[in-house]
Amino acid sequence: MLGKKILAGVFAVIVLLKLAFLLVAPGQWQGATTAFIGHQGAFLVIYLVVLVICGYYIFTSLDLIDVAVVMLFTSILIGLGLMPYSASLLKMVQEIGTVGLGKMWFAWIIWVAIAVAVLYRIFSSHTHRKY
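Position 83 of the sequence shown, counting from 1, maps to 82 under numbering that gives the first Met the number 0, and the rest follow consecutively.
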């Protein structure tokens, strides 16, 4: 329980700091983002480590159906936030289509594994709780 509270607290602090930084100094935010993107390999490792830590706490302490509902909520919230940038996103979608999905395979495997596990849990006769 303490681990989940720590992760939730880190999430809340990062969100609030990011939003405050964007409101107070948007130019500096862009500069920091550009600097971070320059170290893509290091950030990939950091993201993977954080993914494993969060994934451990999520999938060992929460029901998979609950996780899926939260992921749906988060996906909708991200989509809502990105709507004003639809023209830029369309360019990105075209680039992904041109380059191919080869750069996204790892994330796709995780998404597919979670989706299949959720469908299995929903349709299997061995449900843990009623939904």
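Cβ coordinates follow ideal geometry from the N, Cα and C atoms, glycine included.
S87 versus Q93: straight-line alpha-carbon distance, rounded: Their Cα atoms are separated by approximately 10 Å.
Whole-angstrom C-beta distance between Y56 and L1, which should lie under 8 Å: About 10 Å separates the two Cβ atoms, so there is no contact after all.
C-alpha distance - A41 paired with T32, whole-angstrom precision: 14 Å
Backbone secondary structure at A24 - three-state DSSP: coil
Through-space distance from S123 to H38, alpha-carbon basis: 44 Å
Cβ contact (3+ pairs, closer than 8 Å) linking the stretch 114-121 and the stretch 53-67: Touching, yes, given that three or more Cβ pairs across the two stretches are closer than 8 Å.
Distance between beta carbons of S60 and K3, contact taken as under 8 Å: 6 Å
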